[in-house]
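Chains as they are written, first to last, in this note's numbering: chain D, 1 to 342; chain W, 1001 to 1291. Idealized CB from N, CA, C, for every residue including glycine.
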């Protein structure tokens, strides 16, 4: 008999009361995450990722549909779910600033019923693993953002959860701290392959690096689901080019490029243009039906007063998948989707 | 470097099956865990000594001087000192019990409490016990300093009963705090104003600075609704038993009232918490930060 899914959702909806009209955060999600999977929910702010996590962690009731975690219903079997899960959120400020790191973790260990001695042992173990040894007796309020988030990770692992929910866990962290935390989750999962992780992120790199499977979500719907490779293959049929221009095209700009025949989409590339001397330089990612459409792009760019200074064909990324599915980049809506340093 | 360990159970369903004993032990540990920050705060936040000892003591002193100027019976000085000690508990209940869930929500702790396997009543109990321990030190300091400075003489015939009545007073008092913790969260940002609103009327109605009998018939109503008032009245009768002090009601009756109040407030707190949790899950506003 196959394993019961670690996470199971069918026709899951959540509507928030709001004025002037209700807001549909989840519009009918079907999802199965198998035990042992590192599963990613990738989508921009407001996509419904956090709402889904709140429902699965028993913080929120669904408006309709069903959801189960470890085989237990999120509406009626909350006590059992809470025994086998834990959650870490980005920017979390939980705990009490007057406690030391060690004391704070011990306090949370008591909420999960760890016997006193076992609790302290586990705390010391996690402090060492997460690299907080030097901060073990430091008051929590004096920790840096990165150290604080490492502490949150340690807290999330205190009870050896079977299903760990990570909600934008590296939000606001610097390069090294984000990398450390990603490595920790991988090492933690590797120690017991049956552990399941559900990660929400709007960082493409993070999702690609960590997840076995990814669901791309937007406006409360799952738009695509598969392994990173499967998702990339969805846009493999198209040609993706990165073109670098000396300035933004005039007369309609990037949108005009996107409207050209044979051009599927055109968005500004997130990464910065390397040449500091050309401060007006911009980079675009252009998806074409086939390579021949590039001729019209080059012509259109020149006609709009821009000069082509670089051209490269790109392998598709998850962002390309997202753009293909949604018709816009992450940053086009909220401007907050910078890739994390990896 | 230490490596991550594997979970001991063979699957999640098995790991979720807890015995009744384990559930009880987890909740008891949660009580201790939540009490810990408050108890340890005794040594970590010396500024609290100023706010919770010196400031109540100033209020006590003001009334002592008024009673001395009016040549009131000497027991009144003791009444005020005892009232000052109880004030520390009332302040603790209002600011560190009633308003606490509201602050926990903003910190993000409430979400974690909801998703942990213990009952939220254990968190409230931990807050109450921790607060009680922390505040007892302040209250004892007020009594000690006040008694020494103003020469208060106690006449205690039944010290065990006195201790018992004190503990019995704390149960409904903190039970009220546990109830208000849920209600304040439901009322949102008005919680802060509500705490301020409650503070002074209860000082008055609780008879912190004067004997409750002085307000006549109203005292009867007060005694039946406020743990602080009935507890303080009973404690004064027991602490100054040889001086002919008369309370609003006999101590035996007040003990029964306190016991009934304890049950009522704890049950009400449990029901309010259940409603809060349901509302939190239904509306999604109560556990999410900044909403």
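Legend entry - the region 101–108 of chain D touching the region 1135–1151 of chain W, judged by at least three CB pairs closer than 8 Å: no
Inset, instruction - Specify the secondary structure class of residue 374(D) as computed by DSSP and reduced to three states. - result: Given that chain D is displayed from residue 1 to residue 342, the structure contains no residue 374(D) and the question cannot be resolved.
Inset, instruction - Kindly say whether residue 38(D), judged by its beta-carbon, lies nearer than 8 Å to any beta-carbon of chain W. - result: no
Legend entry - Classification of residue 17(D) by the beta-carbon crowding that lies within 10 angstroms, buried from 16 upward: exposed
Inset, instruction - List the endpoints of the continuous beta strand (DSSP E) containing residue 30(D). - result: 23–33
Inset, instruction - Determine, using beta carbons only, whether residue 9(D) comes closer than 8 Å to chain W. - result: no
Inset, instruction - Look up residue 268(D) in the DSSP assignment and say whether it is helix, strand or coil. - result: strand
Inset, instruction - Would you mind stating whether residue 321(D) and residue 231(D) have Cβ atoms separated by less than 8 Å? - result: yes
Inset, instruction - Count the other C-beta atoms from every protein chain shown that fall within 10 angstroms of the C-beta of residue 1024(W), then say buried if there are 16 or more, exposed otherwise. - result: exposed
Legend entry - Other residues of its chain near residue 992(W): CB distance less than 8 Å, five sequence neighbours each side excluded: Absent from the model: residue 992(W). The displayed extent of chain W is 1001 to 1291, so no value can be given.
Inset, instruction - Please work out which residues of its chain come closer than 6 Å, Cβ to Cβ, to residue 194(D), disregarding the five sequence neighbours upstream and downstream, and give them in chain order. - result: 35, 36
Legend entry - Heavy atom of the ligand ATP within 7 Å of residue 1074(W) beta-carbon: Although the ligand ATP was asked about, the structure shown includes no ligands whatsoever.
Inset, instruction - Could you check what DSSP says for residue 339(D) in three-state terms: helix, strand or coil? - result: In this prediction, residue 339(D) scores a pLDDT of 37, lower than 50, which makes its location untrustworthy; the coordinate-derived value is nonetheless stated afterwards. Coil at residue 339(D), not helix or strand.
Inset, instruction - State the Cα-Cα distance for the pair residue 45(D) and residue 219(D), rounded to the nearest angstrom. - result: 9 Å
Inset, instruction - For the beta strand (DSSP E) containing residue 42(D), list its first residue and its last residue. - result: 38–42
Legend entry - Residues of the region 1028–1053 of chain W whose Cβ lies closer than 8 Å to any Cβ of chain D, in chain order: 1029, 1030, 1032, 1033, 1034, 1036, 1037, 1040, 1041, 1044, 1045
Inset, instruction - Would you check if the region 10–29 of chain D and the region 183–193 of chain D touch, i.e. whether three or more CB-CB distances between them fall below 8 Å? - result: no
Inset, instruction - Could you check how far apart the C-beta atoms of residue 1115(W) and residue 58(D) are, in whole angstroms? I think they sit under 8 Å. - result: 6 Å
Legend entry - Buried versus exposed call for residue 82(D) [16 or more other C-beta atoms within 10 Å across all chains shown]: buried
Legend entry - the region 118–135 of chain D / the region 169–179 of chain D touching (three or more Cβ pairs under 8 Å): no
Inset, instruction - Over the uninterrupted alpha helix (DSSP H) stretch that includes residue 1087(W), give me the two end residues. - result: 1075–1093
Legend entry - 8 Å Cβ cutoff met for residue 323(D) and residue 265(D): yes
Legend entry - Beta-carbon gap between residue 1221(W) and residue 1234(W) smaller than 8 Å: no
Inset, instruction - Starting from the beta carbon of residue 80(D), find every residue of chain W whose beta carbon is closer than 7 Å, and list them in chain order. - result: 1016
Inset, instruction - Report yes if the CB atom of residue 1155(W) is closer than 8 Å to the CB atom of residue 1240(W), and no otherwise. - result: yes
Inset, instruction - Determine, using beta carbons only, whether residue 1303(W) and residue 1176(W) come nearer to each other than 8 Å. - result: This structure does not reach residue 1303(W), given that chain W is present from 1001 up to 1291, and the question cannot be answered.
Legend entry - 4-residue-minimum alpha helix (DSSP H) runs that sit fully inside the region 1092–1147 of chain W, ordered along the chain: 1100–1107, 1109–1115
Inset, instruction - Would you identify the three-state DSSP class for residue 151(D), choosing helix, strand or coil? - result: helix
Inset, instruction - Would you mind working out which of 87(D), 310(D), 4(D) sits nearest residue 163(D), comparing C-alpha positions? - result: 87(D)
Inset, instruction - Check whether the Cβ atoms of residue 207(D) and residue 318(D) lie closer than 8 Å to each other. - result: yes
Inset, instruction - Please list the partners that residue 182(D) has in chain W, where partner means a Cβ-to-Cβ separation under 8 Å. - result: By Cβ distance, chain W contributes nothing, its closest Cβ being about 14 Å from residue 182(D), past 8 Å.
Legend entry - Residues, ordered as in the chain, of the region 1090–1118 of chain W that lie near chain D by beta-carbon distance below 8 Å: 1107, 1108, 1109, 1111, 1112, 1113, 1114, 1115, 1116, 1117, 1118
Legend entry - Length of the line joining the Cα atoms of residue 1053(W) and residue 1109(W): 29 Å
Legend entry - Neighbourhood of residue 63(D) by C-beta distance below 6 Å, restricted to the same chain and skipping five residues each side: 13, 14, 15
Inset, instruction - Please state whether DSSP places residue 1290(W) in a helix, a strand or coil. - result: In this prediction, residue 1290(W) scores a pLDDT of 44, lower than 50, which makes its location untrustworthy; no coordinate-derived value is stated.
Legend entry - Beta-carbon contacts of residue 1037(W) that lie in its chain and below 8 Å, excluding the five residues immediately before and after: 1130
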